[in-house]
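**Student:** Count along the sequence shown from 1, then add 484; that gives the number in my numbering. Idealized CB from N, CA, C, for every residue including glycine. Keep in mind that this is a model prediction, so the values were computed, not measured. Dumping the structure here so I can ask a few things about it.
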Amino acid sequence: MTQTGSYHVETIASNMEAEIERLKSQVDLFWDKEGKHYIEYGLKDGMSVIELGSGPGYLLEKLLVTFPHIHVTGLEIDPILFNYANANVASHEADRCQMVEGSIMDTKLNEGSFDFAITRLVLEHLPDPIGAIKEVFRILKPGGKAVFIDNDFEMHIMTHPHIFELRALYDAYCESRYAEGGNPKIGRELPRLLKQGGFSKIDFEVISAHSDIVGDEKFFKSEGIGIPSKLVQDGFLPSKVLGEISMKWRNMIRKDDHSMVRQLYMASGEKPQ
Ligand SMILES: C[S@@+](CC[C@H](N)C(=O)[O-])C[C@H]1O[C@@H](n2cnc3c(N)ncnc32)[C@H](O)[C@@H]1O
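Laid out in structure tokens, this is it:
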């Protein structure tokens, strides 16, 4: 199976192991808010839940720990991440979790199989997000719910004191993802895309993490230098700009009154009965 689009764990950052750790921290950064929204959107213990594009499986683990009777399926196209996810869920009862190697574009899973589907930080990397949404719709049971979460890089981490050069970093990131067929500003389009994919009862929220609430450490771990360094290596960002950002970032965190805030875009929909 060929993986297309703008997320490839081996090449998106300068160090793959660090990138996998970053994905884990990105789950931790938002989990308190995200978990509550999943429940609000209909997730219940005992349900059959799928995460599509599950990466190394950290969200699957959160679900398994939080909901003791849940059944989770992780679908992942990348063989390295598939193996990570398999290892991560292995400590849980085998009848509560399974990993499937495959593409969200054509999962080969039976129609009407799941009560709840989560697709997190995947659509923004796909050349055909509507095709993916239609496939998620197909494998849901009638009345089943789906949640899609993505970035919109018009807004990413904002700091106090403000670091003007972060805009250049996010623009370079967008240019790089667009060049590979992704859409790093898909967040704002999610409600319409879900409608086009067949969903009804669509809802939309922007959720946020703030350093004064979750602490600095989660922000540091969920960012890191791996992707910015790769943008420099690939010629999307001048090294001088990255140097300025690094210096201003260090100055920012030395200030007693510093803060960091980041958003994710979350849309939910229901497959009509
Ligand atoms: C940014 S990561 C997000 C991982 C995980 N959902 C999370 O929130 O931590 C994007 C994931 O989507 C996977 N992916 C990309 N294209 C895919 C496809 N066509 N089918 C399934 N997974 C895909 C990547 O391999 C990667 O694991």
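State yes or no: is the C-beta of H487 within less than 9 Å of the C-beta of S575?
**Tutor:** Position 3 of the sequence shown, counted from the start, is the residue given in the question as residue 487. Position 91 of the sequence shown, counted from the start, is the residue given in the question as residue 575. In the sequence under discussion, the amino acid at residue 487 is Gln, which differs from the His named in the question. Contact: no.
**Student:** Distance, Cα to Cα, I697 vs E577?
**Tutor:** By one-based count along the sequence shown, residue 697 stands at place 213. By one-based count along the sequence shown, residue 577 stands at place 93. If you take the alpha carbons of I697 and E577, they lie about 34 Å apart.
**Student:** Can you look up M589 in the DSSP assignment and give me helix, strand or coil?
**Tutor:** Counting from 1 along the sequence shown, the entry for residue 589 is found at position 105. In the structure shown, M589 sits in coil (DSSP, three-state: anything other than H, G, I, E or B).
**Student:** Quick one: Cα of I633 to Cα of S498, how far?
**Tutor:** Numbered from its first residue, the sequence shown carries residue 633 at position 149. Numbered from its first residue, the sequence shown carries residue 498 at position 14. Each residue's alpha carbon lies about 25 Å from the other.
**Student:** Starting from D741, trace the beta strand (DSSP E) both ways and give me its first and last residue.
**Tutor:** Sequence index remark: in the sequence shown, residue 741 carries index 257 (1-based). Run containing D741: none; DSSP gives neither H nor E here.
**Student:** Starting from the Cα of I614, find the closest Cα among K546, P645, G681 and give me that residue.
**Tutor:** Counting from one through the sequence shown, the residue named residue 614 turns up at place 130. Residue G681 is the option with its Cα nearest to I614.
**Student:** Looking at the structure shown, is G541 part of a helix, part of a strand, or coil, going by DSSP?
**Tutor:** Numbered from its first residue, the sequence shown carries residue 541 at position 57. Coil, per DSSP.
**Student:** Taking the continuous beta strand (DSSP E) assigned at G719, which residues delimit it?
**Tutor:** As a position in the sequence shown, residue 719 is number 235, starting the count at 1. Taken as a continuous stretch (DSSP letters only), G719 belongs to no beta strand (DSSP E), as it is neither H nor E.
**Student:** DSSP on G710, reduced to helix/strand/coil?
**Tutor:** Here residue 710 refers to the residue found at position 226 when the sequence shown is read from its first residue. G710 falls in the helix class under three-state DSSP.
**Student:** For E728 and I711, I'd like the C-alpha separation in whole angstroms.
**Tutor:** Within the sequence shown, numbered from 1, the residue matching residue 728 stands at position 244. Within the sequence shown, numbered from 1, the residue matching residue 711 stands at position 227. Between E728 and I711, the C-alpha separation is close to 16 Å.
**Student:** Indicate, with yes or no, if ligand 1 has a heavy atom lying under 8 Å from the CB of H644.
**Tutor:** What you label residue 644 is simply residue 160 of the sequence shown in a count that begins at 1. H644: no, Cβ never under 8 Å from ligand 1.
**Student:** Distance check for L748 and V690, CA to CA, integer angstroms please.
**Tutor:** Within the sequence shown, numbered from 1, the residue matching residue 690 stands at position 206. Within the sequence shown, numbered from 1, the residue matching residue 748 stands at position 264. In a straight line, the C-alpha of V690 is about 6 Å away from that of L748.
**Student:** Using a Cβ-Cβ cut-off of 6 Å (strictly less than) and excluding sequence neighbours within five positions of S532, which residues of its own chain qualify?
**Tutor:** Position 48 of the sequence shown, counted from the start, is the residue given in the question as residue 532. Same-chain partners within the cutoff: H555, F598, D599.
**Student:** Between which two residues does the beta strand (DSSP E) containing I670 stretch?
**Tutor:** In the sequence shown, the residue the question calls residue 670 occupies position 186. I670 -> no beta strand (DSSP E), and no H or E assigned at all.
**Student:** Short of 7 Å in beta carbon distance, which residues of its chain neighbour P685, apart from the five on each side in sequence? Order them along the chain.
**Tutor:** Along the sequence shown, read from residue 1 onward, the residue named residue 685 stands at position 201. Contrary to the premise, residue 685 reads as Lys rather than Pro in this sequence. Taken in chain order, the residues that qualify are G753, E754.
**Student:** Indicate, with yes or no, if ligand 1 has a heavy atom lying under 8 Å from the CB of H609.
**Tutor:** The count along the sequence shown starts at 1 and reaches residue 609 at position 125. True, at least one ligand heavy atom lies under 8 Å from that Cβ.
**Student:** Is it buried or exposed for Q510, if we count other Cβ within 10 angstroms and need 16 for buried?
**Tutor:** Counting from one through the sequence shown, the residue named residue 510 turns up at place 26. So Q510 ends up on the buried side.
**Student:** Could you tell me the alpha carbon to alpha carbon distance between D590 and A569, rounded to whole angstroms?
**Tutor:** By one-based count along the sequence shown, residue 590 stands at place 106. By one-based count along the sequence shown, residue 569 stands at place 85. Cα to Cα, the separation comes out at about 20 Å.
**Student:** Is the beta carbon of S684 within less than 8 Å of some heavy atom of ligand 1?
**Tutor:** As a first step, residue 684 must be located in the sequence shown, where it is residue number 200. No.
**Student:** Using only alpha-carbon positions, find the residue among P645, G596, L513, P722 that is nearest to S743.
**Tutor:** Taking the sequence shown and counting its residues from 1, one reaches residue 743 at position 259. Cα-wise, what sits closest to S743 is P645.
**Student:** For ligand 1, any of its heavy atoms closer than 8 Å to the Cβ of I554?
**Tutor:** Within the sequence shown, numbered from 1, the residue matching residue 554 stands at position 70. Not under cutoff, so the answer is no.
**Student:** Put A630 into one of helix, strand or coil per three-state DSSP.
**Tutor:** One-based indexing of the sequence shown puts residue 630 at position 146. Correct three-state label for A630: strand.
**Student:** Is it buried or exposed for N572, if we count other Cβ within 10 angstroms and need 16 for buried?
**Tutor:** Residue numbering aside, residue 572 sits at position 88 when the sequence shown is read from its first letter. With 16 or more Cβ atoms within 10 Å of its Cβ, N572 is classed as buried.
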